[in-house]
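2 protein chains.
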Amino acid sequence: MVANIQEVARKAGVSVATVSRVINNYSGVTERTRQKVEKVIEELNYEPSMLGRNLRTLESKLILVLIPSISNPFYTEIINGIEETAINLGYNILLCETDSNPEHEQRYFGLLKKRMADGIISMDPAVNKAKLAELAESYPIVQCSEYDEDINIPYVTINNELAAYQAVKHLVKLGHEKVALISSDERYLYARERKCGYERALNEFGITANEAFIYHTESISFEYGQHAMRKLLDLKDRPTAVFALSDILAIGALKEINSSGLLVPKDIALIGFDKISFSNMTYPALTTVAQPMFKMGAAATNMLINRIKGMRVESMVMEHELIIREST
Amino acid sequence: MVANIQEVARKAGVSVATVSRVINNYSGVTERTRQKVEKVIEELNYEPSMLGRNLRTLESKLILVLIPSISNPFYTEIINGIEETAINLGYNILLCETDSNPEHEQRYFGLLKKRMADGIISMDPAVNKAKLAELAESYPIVQCSEYDEDINIPYVTINNELAAYQAVKHLVKLGHEKVALISSDERYLYARERKCGYERALNEFGITANEAFIYHTESISFEYGQHAMRKLLDLKDRPTAVFALSDILAIGALKEINSSGLLVPKDIALIGFDKISFSNMTYPALTTVAQPMFKMGAAATNMLINRIKGMRVESMVMEHELIIREST
DNA sequence: TCATAGTTTGTAATCGATTACAGATTTTGG
DNA sequence: CCAAAATCTGTAATCGATTACAAACTATGA
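Quick mapping for you: the protein sequence lines, in order, are chains S and D.
For what it's worth, the numbering used here labels the leading residue of the first sequence as 98, then goes sequentially.
For what it's worth, the numbering used here labels the leading residue of the second sequence as 98, then goes sequentially.
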């Protein structure tokens, strides 16, 4: 049914080696031969099989992208950057949702060992760092967004502490002294770093951080943002501004504020983090910290593919930006 | 570095055939031999290479998922369903964003011809139907959500006409007579079908559809929803209810309504379509038509894999549900 | 014209698995 | 105890490409 390289060679009256040379645009093939071969390729509708090529070259031209959940828009923006870059470099991406489940993670690590993929871009904060480090000794891996400096795997990230500092400073400069923090699990580095920035901004202006204003959610989903805000609103002395660790948490908080009849930013100012596309769709639109998600994805991909080719690569910290909109 | 089947065979003192039998859990291997082989596999940390296996079996165990954009949450929910099912059946998914760009599409079709993937789940409404039909003669393909009955490719979808009919009927029963429709490009089947349902509901209650109340957007993004709503609000005789063809358009409309100081549902009632997760996060939460996205993805995947295995499959129409929330 | 250098092409091994078939071994039953 | 049947294992071809090396061919210059 589908032609292979042998048939092309036979029909063109040349050897498979020559056909291969034509396919791969190698030099050292006369124009006459090249055209003869190309004509047959056209006639037979021949497309070289990746299966054969991949076995021979021992690569799969696939990269694994490990994310906790595809439903989180933060990751989808990064994936856009990854995909574009990967395609330009001749790779495709294999989508891997871990659900932060070690078994799923293990399964995807297996794909790498089974040569189904050439490398991993890890974006799962809940990844098993020890296993990842071990794997990184034999396979190309880079970390994107969430990372661990202790394990020797290159990463691309932003300066979370500084970004949080600037966000909270923005609130304080607007006159807010009672600034709450909706944080997530401090097991994650970004949560710890952003909290540091939050505290630094308050300290700098002589405001003592109020423990009651710091709320740790179990999960980073919308409902937990709502719930956290409910608790903060229930305080006798409630905050006048809220810095949420992610836009989704902020959107949950916003809904809760609206539901209780209060207005943003009049009664309570609100800042999110990430600049996911939905942060612009709420009413009022969220002030947020923009992460260069597309660029981060692109950079991580370039790094990974360079590693696959055997080069050394350097970790990088990218620029963020405070986007002031309607919620502050 | 990494062991292959030959090494395992040599070290275990058996032939590669036997090792292969053990790997694949074939019967007809004595317990003694099996254990001997498994011990060596363990020792060498051997993992069978998919590259070798795939070439031999002429399959890639990969399926292409064609979507216009990964940023659209409607697709991400479907992808969840696809991924879970695919994994359970031993497949992985290759993410393909077409951006509704024929060149990108063509590139992904190429992956199929080059045996990089075993089949396609097409979800892009803008796909080139003729090319898809041609491809479907030689390769397994199923359509999910958006489909074309004229081309002979199995699909999974919902009854769009009925769903729209029920949504609009719900508005009319609440007393609305001036119901607007924010539709998208009628080149897409779902847009035509949903418009039919809209008209049928109005007709049934003796309401003549007002042409001025039907707005066609160029794109289905948030901004176009805003823009459409602006136009509707600018009408001298403005609608009291709006049925938007998708949640994203509805969320755009909602923001525009809120921005102009009107209240939902008091001044204007609003219904979306899809039940994406964000439809619940707005204030007020959107009434919408739930598509069983996870199930649709799962069904499409089962169908595709059955086709890959050479079976015949039947198209299916799944159940939808009107979810009444705060916006009506 | 012919040796030599430079091009172009072909031969055959190779990547790592699966599998038809044959051969070896064990079991069964008379 | 031995032939036949059943079970287990091995040999070697195969999937479809790439590529080192050898061979054939062409061009060059004396």
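Yeah, the Cβ is synthetic: ideal placement off N, Cα and C, and Gly gets one too.
- In this structure, S/Glu180 places its C-beta atom within 8 Å of the C-beta atom of S/Ile190.
- Of all C-beta pairs linking the stretch 380 to 388 of chain S to the stretch 396 to 404 of chain S, fewer than three are shorter than 8 Å, placing the two stretches out of contact.
- Linking D/Glu290 to S/Leu286 through their CA atoms gives a straight-line distance of about 49 Å.
- Residue contact with chain D for S/Arg284: absent (no Cβ-Cβ distance below 8 Å to any residue of chain D).
- Here DSSP, grouped into helix, strand and coil, assigns D/Tyr252 to strand.
- The continuous beta strand (DSSP E) containing S/Phe340 extends over residues 338 to 341.
- In the structure shown, S/Glu128 falls within a helical segment according to DSSP collapsed to helix, strand and coil.
- When the beta-carbon positions are compared, S/Leu159 and D/Leu148 stay at least 8 Å from each other.
- Counting only the Cα atoms, D/Phe171 lies some 16 Å from S/Ile176.
- Segment contact: the stretch 320 to 336 of chain D against the stretch 358 to 366 of chain S, fewer than three CB-CB distances shorter than 8 Å; contact not assigned.
- Residue contact check for D/Glu200 against chain S: no CB pair falls below 8 Å.
- According to the DSSP secondary-structure assignment, S/Gly216 is paired through a beta bridge with S/Ile160.
- Cβ atoms of D/Val276 and D/Pro336 come within 8 Å of each other, at about 6 Å.
- Closer than 8 Å to the CB of S/Thr173 there is at least one CB belonging to chain D.
- Residue range 390 to 405 is occupied by the alpha helix (DSSP H) that includes D/Thr398, with no beta strand (DSSP E) assigned at that position.
- It is roughly 26 Å from the alpha-carbon of S/Gln263 to the alpha-carbon of S/Glu411.
- Put simply, the CB of S/Arg404 is far from chain D, with every gap to its CB atoms at 8 Å or more.
- According to the DSSP assignment, D/Leu268 belongs to the alpha helix (DSSP H) that extends over 257 to 270.
- Within the model, the alpha-carbon separation for D/Ile365 versus D/Glu258 is close to 23 Å.
- DSSP places D/Asp245 in the coil class of the three-state scheme, outside both helix and strand.
- Non-local C-beta neighbours of D/Gly294 in its own chain, meaning closer than 6 Å and more than five positions away in sequence, comprise Glu258, Ala261, Tyr262, ordered along the chain.
- Counting along the chain, S/Met415 sits inside the beta strand (DSSP E) bounded by residues 413 to 415.
- Here DSSP, grouped into helix, strand and coil, assigns D/His201 to helix.
- Per DSSP, reduced to three states, the secondary structure at D/Asp196 is coil, with no helix or strand assignment.
- The beta carbon of D/Leu419 sits closer than 7 Å to the beta carbons of Gln263, Ala264, His267, Val386 from its chain, once the five residues preceding and following it are set aside; these are given in chain order.
- Burial state of S/Gln132 is exposed, judged by a 10 Å Cβ sphere holding fewer than 16 other Cβ atoms.
- In this structure, the straight-line span from the alpha carbon of D/Ser424 to that of D/Asn377 is close to 10 Å.
- Along the stretch 386 to 397 of chain S, none of the residues has a CB nearer than 7 Å to a CB of chain D.
- Distance from the Cα of D/His273 is smallest, within the candidate group D/Gly303, D/Asn256, D/Ser280, for D/Gly303.
- DSSP places D/Ile311 inside the beta strand (DSSP E), whose first and last residues are 311 to 313.
- In the DSSP assignment, S/Ser117 falls within the unbroken alpha helix (DSSP H) covering 113 to 120.
- One Cα belongs to D/Val269, the other to D/Glu296, and the distance between them is close to 12 Å.
- Using beta-carbon distances, D/Phe370 does not count as an interface residue toward chain S, since no partner is under 8 Å.
- The residue from D/Asp196, D/Ser356, D/Cys241, D/Gly187 with its alpha-carbon nearest to that of D/Ser318 is D/Asp196.
- Around the C-beta of D/Leu155, fewer than 16 other C-beta atoms lie within 10 Å, and the residue is accordingly described as exposed.
- The C-beta distance from D/Leu208 to D/Leu161 rounds to 6 Å, short enough to meet the 8 Å contact threshold.
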